[in-house]
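The structure appears below as structure tokens.
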Amino acid sequence: MYNRLSMIYTMRNKEAESPVKQERRRFLARCLKWAGGIVVFSLVYPLFRFLGYTIKPKPRYISVPAPLPLSGYHAERDFILFGGPKAPFAVSRTCTHLGCRVSYLEDRQIIECPCHQSRFTPQGNVLNGPAKQNLRSLAVEIHRNDDGSIKNYVITL
Amino acid sequence: MTTVKEQIIRALTHGRWGGRTLICLYISILSGVALALQYNPGEPFYSTATLELVVPYGSFWRSLHYYSSQAFFLLLLCHVIVIIAEKKYLETRTSWIRLTAGIPVAILLLFTGYVLRGDATGQAAGAIAEHIALSIPFLGKPLNNLLFDISANGVQKVYVNHLIGLMVLGCICIWPHLKKYTSSFFRHIPLTLAIFTGAIFFSTPMEPERIGLTHIAGPWFFLGLQELLRYIAPFWAGVMVPASLITALFILPQEEKKQRLTLAFTVLWLIVYGVLSGISYCR
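Chains as they are written, first to last, in this note's numbering: chain U, 44 to 200; chain E, 2 to 284.
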């Protein structure tokens, strides 16, 4: 009974609707879709901007107390500090190939990446690939005691 | 009289692989939730080490999560192989693609799990994944921001994705399949017992970082890719090569001749990847 009534109602409605009304209905539906699209875009855009923004990490200052070990180097999580013949220098431990953490092999006097075996000199220059770029050099600041002896080395990351 | 070969094929194809896969997934999810309540992404390695050594039953929960996840992935592969062998593809291409998209999501879930360990292997795997993501033209940076961003934020995003993002994505992929097929622990008691027993007697691998470390082997499914990265650029080795296999899987349900070609490509791909993994393992 209900179905029949609703069918009659729909048919009457369709008959009653003029082409102008139908056109208006279609126009309104299209407007609604566009409005929906704009709302979605206005939400998606800030989301991507929010997620895409990278907050710069605070600079880190890592202090290594002097004197360095007799081996002449000191390895930390992110860098290796060498005493050097003239002045101390530090290189990053991040491999320039794919970012693995490199290690200093004391017996062979080279820095090697454990992932793909790229090799570097202690100064960070590429000896053989797959890495193509040298390791990043890091600034080393020397802090001295009153008597002029070295107190510690400060490495900026 | 059936031959031995026929019996083996019947045993393989009637092996309820899907049900087994699902049971392992359930165990993996439940044990993962337990682990997540103790894990601290701010100190990944310290957290893993304390879970393993200090927290009561931490080693057991870690092993349960690790072995159930590994079993899930291996059984999922078996399930897919059997489905392909029997040609029981889904009716429409869209539903097939939606379902099989769950495989790369599963690989990413497994992979992010390795990264969260925070040990030497995990850190190296994370750094490599980040570089591979960044090598993608245009999309690389936003994708890395969304998935990894390890160098800037540690494992925070990896943790969120492992727990929520990838899980939701995986559920979206397999939901119609899950509604159709269910599985019960009571029908897989031997498998459930095997995983629990394994978790009691075998510990989960962990490789602390140490000075002078000369070789890091990635996760077993990553070995071939690790070897390939030695020879070709990260974008090709890490994106295009794996993507070619996924694409082959997506387009598999097609007419007979084309399907044979796609299958031949898939088999060749797997053989080459297997050889590369072998080389990498022997290094």
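Backbone N, C-alpha and C define an ideal beta-carbon position, used for all residues, glycine too. As the structure is a prediction and not an experimental result, all values here were calculated from the model.
| query | result |
| --- | --- |
| Just to confirm the assignment, what range does the alpha helix (DSSP H) spanning H140(U) have? | No alpha helix (DSSP H) contains H140(U), which DSSP labels as neither H nor E. |
| Check the Cβ-Cβ distances between Y232(E) and every residue of chain U, and say whether any is below 9 Å. | yes |
| What residue does the alpha helix (DSSP H) around T197(E) start on, and which one ends it? | Here residue 197(E) is Phe; the residue named in the question, Thr, does not match the sequence. Start and end: 190-202. |
| In the DSSP assignment, the beta strand (DSSP E) including H186(U) goes from what residue to what residue? | 183-187 |
| State the Cα-Cα distance for the pair V161(E) and P100(U), rounded to the nearest angstrom. | 20 Å |
| On the three-state DSSP scale, how would you describe R179(U)? | coil |
| In the DSSP output, which residue or residues are listed as bridge partners for E44(E)? | E44(E) is not bridged to any residue. |
| If you measure between the beta carbons of L226(E) and L277(E), is that distance less than 9 Å? | yes |
| Grouping DSSP H, G and I as helix and E and B as strand, with all else coil, what is A118(U)? | strand |
| Which of the residues in the stretch 124-148 of chain E, read from start to end, lie with their CB under 8 Å from any CB of chain U? | Q124, A125, A128, I129, E131, H132, I133, K142, P143, N146, L147 |
| Below 9 Å on C-beta distance, what does T199(U) contact in chain E? | By Cβ distance, chain E contributes nothing, its closest Cβ being about 17 Å from T199(U), past 9 Å. |
| Output needed for I133(E): all residues of its chain with C-beta closer than 7 Å, excluding positions within five of it in sequence on either side, in chain order. | P235, G239, V240 |
| For L124(U), list the residues DSSP reports as bridge partners. | H117(U), A133(U) |
| Do F46(E) and Q124(E) count as a contact pair if the criterion is CB distance below 9 Å? | yes |
| Looking at the C-beta of R68(U), does it have a partner C-beta in chain E at a distance below 9 Å? | no |
| Please confirm whether G219(E) and Y115(E) have their CB atoms less than 9 Å apart. | yes |
| Just how far apart, CA to CA, sit L262(E) and T122(E)? | 37 Å |
| Could you work out which residues of chain U lie near H216(E), taking near to mean beta carbons separated by less than 9 Å? | P157, C158, Q160 |
| Closer than 9 Å between beta carbons: that is the criterion. Which residues of the stretch 78-105 of chain U meet it against chain E? | F91, L94, G95, Y96, T97, I98, K99, P100 |
| Report, in whole angstroms, the separation of the C-beta atoms of L200(U) and V134(U), which I expect to be a contact under 8 Å. | Not confirmed; about 12 Å, so no contact. |
| Establish whether the CB of T137(U) and some CB of chain B are separated by less than 9 Å. | You won't find chain B in this structure, because its protein chains are U and E. |
| Relative to chain E, which residues along the stretch 165-191 of chain U have a C-beta separation below 9 Å, given in chain order? | G172, P173 |
| Taking the straight line between their C-alpha atoms, what separation do you get for D121(U) and Y147(U)? | 12 Å |
| If you check the beta carbons only, do D120(E) and E208(E) fall under 9 Å apart? | yes |
| Establish whether the CB of D150(E) and some CB of chain U are separated by less than 9 Å. | yes |
| Do Y196(U) and A109(U) come within 9 Å of each other at the CB atom, strictly closer than that value? | yes |
| Once DSSP output is grouped into helix, strand and coil, what is the label at N195(U)? | strand |
| Since C174(E) contacts L100(E) with CB under 8 Å, what's their CB separation in whole angstroms? | 6 Å |
| Mind checking G167(U): buried by the 16 CB within 10 Å criterion, or exposed? | buried |
| Whole angstroms are fine: how far does the CA of G127(E) sit from the CA of T49(E)? | 16 Å |
| What three-state label does DSSP hand I98(U) in the structure shown? | coil |
| Use the C-beta contact count for F149(E): other C-beta atoms within 10 angstroms, 16 or more gives buried, fewer gives exposed. | buried |
| Can you tell me the Cα-Cα spacing of G199(E) and Q71(E), whole angstroms? | 12 Å |
| Would L124(U) and N146(E) be called neighbours here (beta carbons separated by less than 9 Å)? | no |
| Could you check if Y274(E) is buried or exposed, using at least 16 other CB atoms within 10 Å of its CB as the buried criterion? | buried |
| Spell out whether any CB of chain U is found under 9 Å from the CB atom of Q71(E). | no |
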